[in-house]
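Input: a single structure, listed below in structure tokens.
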Amino acid sequence: MQHTLNSKLLPKGTERGKLEEINPIDDLVSKDEFDSNETSVKLREISQDDLTQPEREVIDKMVANLPDELTPVQREKVRDLLVQYKAILSTDEFDIGRTHLVEHKIDTGEARLIRQPLRRQVFAHQQFIKEKTERMMEHGLIEPAASPWASNVVLMKKKDGLLQFCVDYRKLNSVTYKDSYPLPLIDNCLNALSGSSWFSTLDLRLGYHNIPIAEQDRDKLAFITQQGCFRYTVNP
């Protein structure tokens, strides 16, 4: 009989299934015997002793930032949860993931190549650019390149006063095909939270670096420094 969600009138005498007698088997292996079986697989609980120092520091910081109204028992439950799922926690700037489900493509159509001449940098910043480039290359975020495209490095100051490594892709953006994706209205997002009193946030460490760049488009993301030409392998 074919499956359907619609009501159906069955004629009298229609066979709908068969009943067969079975002989139940009593417990061949008791629970105690199963638990003591050496071949049984048991989930090992992750304890505080299994944490590395960076993992311990991250978890301590997250627990310290919990709301004051949590009881000690609740705080300990949160800590146990974080320890159990420690694999998803980022412990440093370059401890980031990489998806294999999608690649970012840069559609520039028939636009002419954009190649900027090397821009002068403040002498005090040159060492920062060198060290940052070396670390990104060490972690596979960039690679040496010989590209007909080239953009310049721009350093920005973050709120905490530290320098942020950026690349001036404004000219590349000006010739890139724009996708008019409808972003959700902020009012609708806030309305969806109505009636809730507890909120949490999850954030990806350098989320854009989690998305690889299509091989054929990596040259477009090339940038130049005094040390040479490099290109991103991930979304910059």
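For the sequence shown, our numbering assigns the number 9 to the initial residue and increments by one for each residue that follows.
Built from N, CA and C at the ideal position, the CB exists for glycine as well.
Source: prediction; values computed, not measured.
Anyone know if the C-beta pair for N160 and F207 falls short of 8 Å? As a first step, residue 160 is located in the sequence shown; it is residue number 152 there, counting from the start. As a first step, residue 207 is located in the sequence shown; it is residue number 199 there, counting from the start. No Cβ-Cβ contact shorter than 8 Å links N160 with F207.
Do the segment 119-128 and the segment 179-186 make contact, defined as three or more Cβ pairs closer than 8 Å? Per the Cβ contact rule, the segment 119-128 is in contact with the segment 179-186 (3 or more Cβ pairs under 8 Å).
State the start and end residues of the unbroken alpha helix (DSSP H) segment that holds T141. Translated into the one-based positions of the sequence shown, residue 141 becomes position 133. Residues 131-146.
For R52, which three-state DSSP category applies? As a position in the sequence shown, residue 52 is number 44, starting the count at 1. A caution first: R52 carries a pLDDT of 44, below 50, which makes its placement in the model unreliable, though a value can still be read off. Three-state DSSP puts R52 in coil, outside helix and strand.
Residue environment, R239, which counts as buried when at least 16 other CB atoms sit within 10 Å: Here residue 239 refers to the residue found at position 231 when the sequence shown is read from its first residue. R239 is buried by the Cβ-count criterion.
Along the alpha helix (DSSP H) that carries I232, what are the first and last residues, could you check? One-based indexing of the sequence shown puts residue 232 at position 224. No alpha helix (DSSP H) contains I232, which is instead part of the beta strand (DSSP E) from 230-233.
From W157 to Q124, what does the alpha carbon distance come to, in whole angstroms? Taking the first residue of the sequence shown as position 1, residue 157 is located at position 149. Taking the first residue of the sequence shown as position 1, residue 124 is located at position 116. If you take the alpha carbons of W157 and Q124, they lie about 8 Å apart.
Pairing CB atoms from the segment 74-86 with CB atoms from the segment 189-196, are three or more of them under 8 Å? no
Taking buried to mean at least 16 other C-beta atoms within 10 Å of its own C-beta, is K85 buried or exposed? Walking along the sequence shown from the start, residue 85 turns up at place 77. Classified as exposed, K85 has fewer than 16 neighbouring CB atoms from the shown chains inside 10 Å of its CB.
Taking the alpha carbon of N243 as the point to measure from, which residue in S98, K165, G148, K179 has its own alpha carbon closest? Reading the sequence shown from its first residue, position 235 is the one you call residue 243. It is G148 whose Cα lies nearest to the Cα of N243.
Measuring only the C-alpha atoms, how far is D225 from P152? Translated into the one-based positions of the sequence shown, residue 225 becomes position 217. Translated into the one-based positions of the sequence shown, residue 152 becomes position 144. Rounded to whole angstroms, D225 to P152 spans 15 Å at the Cα level.
Runs of beta strand (DSSP E) lying entirely within the segment 166-190, each at least 3 residues, in chain order: 171-175
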